[in-house]
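Have a look at the structure below before the remarks.
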Amino acid sequence: MTLTSPPVRAEERTEPTGSTGASPSRRKLPLSPKFFIVAGVAAAIGYLALVPLGYLLWGTFFDAEGFDLGGFERAYGSGRMGELWGNSLAFAGGSAFLSLTVGTTLAYLNVRTAVPFKALFFAASIVPLIVPGILYTVSWIFLASPQIGLLNNFLEPVFGTAPFNIFSIWGMIWVEGLHSSPIVFLLMVAAFRSMDPSLEESALMSGATRLQTLRRVTLPLVRPALLSSVLVILITSLESFEVPALLGLQNGIYVFTSRIYFVFRSYPRDLQAAGALAVSLLAIAVIGVIIARLLAGRGTKTYQTVTGKGFRPRPLDLGKWRPVVGAGILIYFFATVVGPLLVLIYAALLPYYQAPSAEAFASFTLDNFRQVFEMDSAGRALVNSLVLGISAAVIVMALMSIAAWISVRSTIPGRGIVEQLSFVPLVIPGIVLGVSISFVYLRSPIPIYGTLLILLIAYCTKYMPYGMRYATTSMTQISSELEESAQVSGASWWTTFRRVLLPLLSPGIMAGFVYILVVSFRELSSSLLLYSPGNEVLSILIWEQFENGSFNVLAAIGVLMVVALVIMVTIAYKLGAKVGLRED
Amino acid sequence: MRSLVATRTAAAVAATLMLAACGGAPTASPSSGDSGSGREDSDLAVAAAETYAKFNGMSGQERTDELVACAEEEGQLNVYTSNTDMEDLIDVFSDEYDIEVNNYRAGSESVLQRLLQEDEAGYYGADVFETNALELGVADQEGLLHPYESELRDSVLEQGRQSEGWTATRFNAFVVGWNTDNVKPGEEPTSLEQLAGPEWKGRISMEVGDVDWFTALHDYYVDEQGMSEDEYTDLMTRLASNSQVVKGHTVQGELLSAGQFDVGVSLYSHTVDKAAAEGAPVAWRPASGEPVQPIISRPNGIGLVKTATNPCAAMLFVDFELTGGQDVFKEAFRIGSVEGTDNPLSAFETFAVPEEKLLEDPDTWNKAYEDLLANGQAID
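Keeping their order, the protein sequence lines are chains A and B. Throughout the first sequence, residue numbering follows our numbering, covering 99 to 682 in sequence. Throughout the second sequence, residue numbering follows our numbering, covering -8 to 371 in sequence.
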């Protein structure tokens, strides 16, 4: 299927920039703004990625005596490795499958169909992302534990004893899959939004059924976004220990990260063994990115759906399926948002958790919320988290929009490396990221250590991979002919980027912005190491309550986070909509 | 551009190499002073050592008066801690003295990492280091801490002043606790052996990271009670086969009061006491009779940092933790370290976590506990 008007060879369009140093083009010194911007962004990404990577590789392969592979032996040399990896892969694969199915379906319904309850999507897409993993998981224990699960209590008369068991591999997949489905949802919404519906309409008119259209037209067009999602979720769930620790250990389901947990407990920290895991994940990530590039590169035009031809997304009528789909959405909304959130609110109002009863309701108190507000640093921490979250989201998305252009559009030699590098921080354990950054800035003449800036650097590094996935996914959809037209009309590269590409990229940028803003609020491992007194962030308070406090106060913090972030994200969307539509 | 990046990275890697080489050398004794980072010769360290020595040699009201005057002149104190009650301590301390306290708090591993990293780089941010025994032991081993001497230290329970470099301020006590709705009076467990029996199948809980508890019990049963290694492993395996394994003591406490399981075998006493004070149906001392013994104790403490910018304030703060601070701990249901104060550790049979053993060979004990949990859980 040809999707766009006559192809123009990309090479004709892009002037050689010679930015990355390989070509000694002396005929024209490329000291244009474009050169500086592109080179600056590439350098920034390289710098952000290489500092922790260098530290990680060094720590993994070398010890005081020199080159050493002992870490691999300690990490992998256990008789139960097969079982551990089996569980890990089942868990990661299952979670990826679930979140992909759920996230994509919801995104499709939201963007492309006249589905009811659209407002609920917003909450469904954001809330599981905001609630810290530990709270989300414990909420599910309260809902679906065979011993004390509320759902089990409700449904016991119908289905017999304990129909749900959250302490199983299925429970783990369920919780992790739902918790990460917002990543997919945000990515896919961006992808579907930039898709010309006339392609689907043509297919329908040519006699294809809706299902055929979906399978043969819609899904292939969003393949880069799908692939990005799978990659990110596979790796994050292979790394995750929260859900396996709280749900798997209970019944002796051990995953690979539980091995690392024990390895990492010793002092001195066995960075070698922990690094061995990260290096394996790095290999998976590198291969994944290569596959993604190959797929996208097979026909650069394949996924370009935003062309010079105007289109207006017209929602597909669901016909007789509308009530069915509507019911499905309500069920999903209750399962992922209302259920866990109600449990959290309920726990936040209680002095200690107990099954709902008249007695429990009588003991409702706002004491936990009062405790949160009375914490000395709570206000400051909230402000700092907001400042950091917004700054990190803006900086990362700005850098990654340009990086996506370098990677997807330019013909600069080595452009693939930019994409690979931007993906590196995804596999770096949080504590290694923190240590490597403090290592550098403790020795830097510029006074960054001990300020909020060091946290900003850490956040930018950590969220670069996500930003890059959001930006490249959108970039692959934008046809090069638009850029060409702008340039033919005399616009400079920078003007073209700013006035043509950036607005068209806005669905992806917006999604990435929201994602980074939200998850930066609960970044723990590097924040704990890098913040300084007076620069507290919200996650420090979460850590304190988790370490030795009250789960109920923790629940109150979770509820407040949901409220604060839903407001923030709503504002962001409102502003974003203005930017996206602006025509000047 | 790229070559610049490469150079910087190479430089960083080279620096790591050198530091790793230095850091890798075993530091023989805490006071050997042969650290490679120039810590001991820094002006800060020399000045602080002088101050510490002066006050360590004084006693009585004279010492206190002079120390307070000196500390208030410094006017600042930088605390690095993993103590989650620190904010409350500081509130009381700042009410009493005209000193501004900066509180860096994080998990014990992060605080230690931070202290070591800063020391390597010659950036001296901490005046006192307040955390768990293991991390204090490491800092002491690395030669970062200066001994603290005073009459107050002499009043600390003996198991709290095993090391010269730091002084215990409070204790974590691992106790066996239960849900009082599900375990009726008279049915409370009396020993771990009992909890390993089939009637407790699926009703008890262990914590995935309590290697220190496990190691202490090993020494208690094997070295003190004359149990064989096999018997101890068998006991713990049966315990594990009865257990739901959880991660984190706060979650463990919450799930206990929610009734997810009936008994936790390695709960912190303060988690249970705090929840009980809120009205939760949990306890670790039966209405009549004695709790399950031994109670495993592990000190948390404080050490003076050699490179303190505010050595007087640092010493004054240690004084404070051993006096007024003890009341703050008690309010947080913690067990203080000062002798006499109706301390549960004096009332029951307690056994201390063998810190040196854990410090010398953590891998063996980590591995043993990990295998034990997995093997136990594999039994149906």
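Don't be surprised by glycine CBs; every beta carbon is placed ideally from N, CA and C.
So, are the CB atoms of residue i and residue j less than 8 angstroms apart?
| i | j | result |
| --- | --- | --- |
| Trp641(A) | Gly98(B) | yes |
| Ala323(B) | His261(B) | yes |
| Val129(B) | Leu103(B) | yes |
| Met495(A) | Phe611(A) | yes |
| Gly487(A) | Leu284(A) | no |
| Tyr153(A) | Phe537(A) | yes |
| Glu78(B) | Tyr451(A) | no |
| Leu241(A) | Gly424(A) | no |
| Tyr115(B) | Glu121(B) | no |
| Pro176(B) | Val167(B) | no |
In terms of residue numbering, what span does the alpha helix (DSSP H) encompassing residue i cover?
| i | result |
| --- | --- |
| Phe295(B) | Looking at the sequence provided, one finds Leu at residue 295(B) rather than Phe. Taken as a continuous stretch (DSSP letters only), Leu295(B) belongs to no alpha helix (DSSP H), being part of the beta strand (DSSP E) at 286 to 296. |
| Thr574(A) | 550 to 575 |
| Glu457(A) | 456 to 460 |
| Ser578(A) | 578 to 586 |
| Met286(A) | 267 to 291 |
Counting only Cβ pairs nearer than 8 angstroms, list the residues of chain A close to residue i.
| i | result |
| --- | --- |
| Ser248(B) | Tyr450, Tyr451, Gln452 |
| Ala39(B) | Near Ala39(B) there are no residues of chain A at all, since even the closest Cβ is about 20 angstroms away, more than 8 angstroms. |
| Tyr114(B) | Leu540, Tyr547 |
| Ala365(B) | Arg178, Gly350, Tyr352 |
Would you kindly report the start and end of the unbroken beta strand (DSSP E) that includes residue i?
| i | result |
| --- | --- |
| Ser196(B) | 195 to 198 |
| Val629(A) | The sequence given here has Tyr at residue 629(A), not Val. Tyr629(A) -> no beta strand (DSSP E), and no H or E assigned at all. |
| Ala343(B) | 341 to 343 |
| Phe120(B) | 119 to 123 |
| Val236(B) | 234 to 237 |
Rank the options by C-alpha distance to the C-alpha of residue i and give the top, closest one.
| i | options | result |
| --- | --- | --- |
| Val242(B) | Asp415(A), Leu329(A), Leu276(A), Ser237(A) | Ser237(A) |
| Ala268(B) | Ile333(A), Leu416(A), Pro449(A), Leu332(A) | Pro449(A) |
| Ile493(A) | Ile607(A), Leu622(A), Gly275(A), Ala376(A) | Ile607(A) |
| Gly51(B) | Val102(B), Glu142(B), Phe84(B) | Glu142(B) |
| Pro87(A) | Arg357(A), Glu645(A), Thr211(A) | Examination of residue 87(A) is not possible in this model, given that chain A is present from 99 through 682 alone. |
| Gln643(A) | Thr199(A), Leu155(A), Leu233(A) | Leu233(A) |
| Asp362(B) | Ala117(B), Ala266(B), Ala231(B) | Ala231(B) |
| Arg391(A) | Thr571(A), Glu579(A), Phe649(A) | Thr571(A) |
| Leu338(A) | Thr235(A), Phe521(A), Ala453(A) | According to the sequence provided, residue 338(A) is Ser. The question's Leu does not apply to it. When each option's Cα is compared against that of Ser338(A), the closest is Thr235(A). |
| Leu375(A) | Ala194(A), Leu524(A), Asn208(A) | Leu524(A) |
| Thr206(B) | Thr72(B), Met227(B), Met306(B), Glu179(B) | Met227(B) |
| Ile385(A) | Ser623(A), Val522(A), Glu634(A) | Val522(A) |
| Arg54(B) | Leu350(B), Glu126(B), Met306(B) | Met306(B) |
| Ser243(A) | Arg567(A), Ser278(A), Ser266(A), Ala445(A) | Ser266(A) |
Less than 7 angstroms separating the Cβ of residue i from some heavy atom of the ligand MG?
| i | result |
| --- | --- |
| Ser266(A) | This structure lacks the ligand MG; in fact it carries no ligand of any kind. |
How would you list, in chain order, the residues of chain B whose beta-carbon sits under 8 angstroms from the beta-carbon of residue i?
| i | result |
| --- | --- |
| Glu337(A) | Ordered by position in chain B, no residue passes the 8 angstroms Cβ test against Glu337(A), which lies about 16 angstroms from the chain. |
| Trp641(A) | Ala97, Gly98 |
| Phe240(A) | Ala249 |
| Gln245(A) | Gly250, Gln251, Phe252 |
Pull the bridge partners of residue i from the DSSP assignment, please.
| i | result |
| --- | --- |
| Trp169(B) | Val254(B), Ala274(B) |
| Asn69(B) | Asn93(B) |
| Asn163(B) | Arg289(B) |
| His137(B) | Leu295(B) |
| Leu414(A) | Thr211(A) |
| Thr158(B) | Ile293(B) |
| Tyr259(B) | Phe165(B) |
Along chain A, which residues have their Cβ under 7 angstroms away from the Cβ of residue i?
| i | result |
| --- | --- |
| Glu245(B) | Tyr451, Phe649 |
| Glu109(B) | Leu540 |
| Ser101(B) | Leu626, Leu627 |
| Asn291(B) | None at all; the shortest Cβ gap to chain A is about 11 angstroms. |
| Ala266(B) | Tyr450 |
| Gly270(B) | Pro449, Tyr450 |
| Gln235(B) | Gln348 |
Can you name the residues of chain B whose CB is closer than 9 angstroms to the CB of residue i?
| i | result |
| --- | --- |
| Phe644(A) | Gly239, Thr241, Val242 |
| Phe165(A) | Correct list: empty, because the minimum Cβ distance to chain B is about 11 angstroms. |
Cβ closer than 7 angstroms: which chain B residues qualify as neighbours of residue i?
| i | result |
| --- | --- |
| Ala343(A) | Val199, Lys238 |
| Asp415(A) | Under the 7 angstroms cutoff, chain B gives no residues; its nearest Cβ is about 47 angstroms from Asp415(A). |
For residue i, go through chain A and note every residue whose CB falls closer than 9 angstroms to its CB, in chain order.
| i | result |
| --- | --- |
| Asn93(B) | Ser630, Pro631, Gly632 |
| Thr75(B) | Trp641, Glu642, Gln643, Glu645, Asn646, Gly647 |
Should residue i be flagged as near chain C, meaning a C-beta pair shorter than 8 angstroms?
| i | result |
| --- | --- |
| Ser536(A) | In the structure shown, chain C does not exist; the protein chains are A and B. |
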